[in-house]
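Participant: Whatever position you read off the sequence shown (first residue = 1), add 922 for our numbering.
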Amino acid sequence: MTTQTRFEEQTRPAERATTDEQRRTDDQPRTDEERRTDREPRTDEQTRTGERAAADGRAAAGEQPGPAEHPLSPGELRRVFGAFPTGVTAVAALVDGIPVGLAANSFTAVSLDPPLLSVCVAHTSTTWPLLADRARLGITVLSADQERACAQLAARSDDRFTGLDWHATEDGAVLLDGAGAWFDTSVEQHIRAGDHDIVLLRIHALEADHTVAPLVFHGSRFRRLEQTAAQNEARPTPRTTGTEESS
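(1) Once DSSP output is grouped into helix, strand and coil, what is the label at Gln1068?
(2) Under the rule that 16 or more other beta-carbon atoms within 10 Å means buried, what is Thr941, buried or exposed?
(3) Beta strand (DSSP E) containing Leu1038: first to last residue?
(4) Gln1111: buried (16+ other C-beta within 10 angstroms of its C-beta) or exposed?
(5) Which residue wins for smallest C-alpha separation from Leu1038, given the options Phe1105, Glu1148, Arg1056 and Phe1003?
(6) Would DSSP call Gly1175 helix, strand or coil?
(7) If you measure between the beta carbons of Asp1061 and Thr1107, is that distance less than 9 Å?
(8) Compute the Euclidean distance between the alpha carbons of Ala1015 and Arg1000, then round it to the nearest angstrom.
(9) With DSSP as the reference, identify every bridge partner of Gln1111, one or two as the case may be.
(10) Expressed to the nearest angstrom, what Euclidean distance is found between the alpha-carbon atoms of Arg1114 and Ile1120?
(11) Flag this pair as yes or no: are the beta carbons of Arg1146 and Ala1135 separated by less than 9 Å?
(12) At what residues does the alpha helix (DSSP H) containing Val1096 begin and finish?
(13) Would you say Arg1070 lies against chain C (beta-carbon separation less than 9 Å)?
(14) Can you list, in chain order, the residues of its chain whose CB lies under 7 Å from that of Val1013, leaving out five sequence neighbours each side?
(15) Quick check on the DSSP output: the beta strand (DSSP E) that includes Glu1138 runs from which residue to which?
(16) Check Ala1076 in the structure and name its three-state DSSP category.
(17) Three-state secondary structure (DSSP) at Glu1148?
(18) Excluding the 5 residues flanking Ser1028 on each side, which residues of the same chain have their C-beta closer than 7 Å to its C-beta?
(19) Between which residues of its own chain and Thr969 is the CB-CB distance below 7 Å, once the five residues before and five after are set aside?
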């Protein structure tokens, strides 16, 4: 108690001195420049600069941005994401001599040099952990006639390859027959992204059958492309993979 009382007594004169000094400063007449500055409105640039400085200060202090005013529901996200039509791929490999695979419609051509593609897998997947450490992974772009194969690969089943025609490479990549395209790949990188992993895959070999119509997934259902032979002849074949357009 004695130490605390003595400390309080020592601080009181300093507090009084500070207050007296502030009072003397406030009593001094303001200059014309100070009064003019008070009257002048802030410009848009000054306001933006101040807002940026405040935001930088909050970031430096470790403050995180607040939650969105209207959180997006998973159902709404799926519905709107579904407006973008995609193909469907099978990701598969041999595990202890048995074909193991899953269906993924989040297939993307990433790079020409080096040759890279990507697929996304959910953290809740029980199949991906079996495939993640395989030396090679086969990526099959399913055809319009492989809707059943897609359903099997997406099902919760111990044997998803029953009744399916497939073959394996020497390195264990599994590819489905009768598809539109095939890629022999290896895992280049995992990128954690929310509730999924973006899996970057290096392409070692590839092949395509351009006479085969693709399986299309749109609006949470499978679709088929309908195009006449005349339309196919009139429309030139693109010379790029689409990577340039997206960059």
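C-beta: ideal position from N, C-alpha, C; glycine also.
Facilitator: Considering the structure as presented:
(1) Counting from one through the sequence shown, the residue named residue 1068 turns up at place 146. The three-state secondary structure of Gln1068, taken from DSSP, is coil.
(2) For the purposes of this step, residue 941 is taken as residue 19 along the sequence shown, with counting starting at 1. For Thr941, the predicted model reports a pLDDT of 47, less than 50, meaning its position is unreliable and no value from the coordinates is stated.
(3) Taking the sequence shown and counting its residues from 1, the one referred to as residue 1038 is at position 116. Looking at the DSSP string, the run of the beta strand (DSSP E) that includes Leu1038 is Pro1037 to Ala1044.
(4) Indexing the sequence shown from 1 puts residue 1111 at position 189. When all chains shown are included, Gln1111 counts as exposed.
(5) In the sequence shown, the residue the question calls residue 1038 occupies position 116. Ranking the options by Cα distance to Leu1038, first place goes to Phe1105.
(6) Residue 1175 lies beyond the range of the chain shown here (923 to 1169); nothing can be said about it.
(7) Locating residue 1061 in the sequence shown gives position 139, where the first residue counts as 1. Locating residue 1107 in the sequence shown gives position 185, where the first residue counts as 1. Here residue 1061 turns out to be Ile, not Asp, going by the sequence shown. Closer than 9 Å, so yes.
(8) By 1-based counting over the sequence shown, the position of residue 1015 is 93. By 1-based counting over the sequence shown, the position of residue 1000 is 78. Distance between the alpha carbons of Ala1015 and Arg1000: 28 Å.
(9) In the sequence shown, residue 1111 corresponds to position 189, counting from 1. Residue pairing of Gln1111 in beta bridges, as defined by DSSP: Leu1122.
(10) One-based indexing of the sequence shown puts residue 1114 at position 192. One-based indexing of the sequence shown puts residue 1120 at position 198. So the two alpha carbons sit approximately 6 Å from each other.
(11) To locate residue 1146, count along the sequence shown from 1; it is residue 224. To locate residue 1135, count along the sequence shown from 1; it is residue 213. It is a contact, given that the beta carbons lie within the stated cut-off.
(12) What you label residue 1096 is simply residue 174 of the sequence shown in a count that begins at 1. From DSSP, Val1096 is part of no alpha helix (DSSP H) but of the beta strand (DSSP E) over Val1096 to Leu1098.
(13) No chain C is present in this structure, which holds just one protein chain.
(14) On the sequence shown, position 91 is the one that residue 1013 refers to. Within the same chain, Val1013 has close Cβ partners Gly1023, Leu1024, Ala1026, Val1041, Leu1053, Leu1059 and Ile1061.
(15) Residue 1138 sits at position 216 when you count from the first residue of the sequence shown. The displayed chain sequence assigns Val, not Glu, to residue 1138. It spans Val1138 to His1140 - the beta strand (DSSP E) in which Val1138 sits, taken as one unbroken run.
(16) In the sequence shown, the residue the question calls residue 1076 occupies position 154. Looking at Ala1076 - three-state DSSP - the assignment turns out to be helix.
(17) To locate residue 1148, count along the sequence shown from 1; it is residue 226. Three-state DSSP puts Glu1148 in coil, outside helix and strand.
(18) Stepping through the sequence shown from its first residue, residue 1028 is reached at position 106. Within the same chain, Ser1028 has close Cβ partners Val1041 and Cys1042.
(19) Here residue 969 refers to the residue found at position 47 when the sequence shown is read from its first residue. At Thr969 the pLDDT is 49, less than 50, meaning the model places this residue with poor confidence; the figure from the coordinates comes in the next sentence. None.
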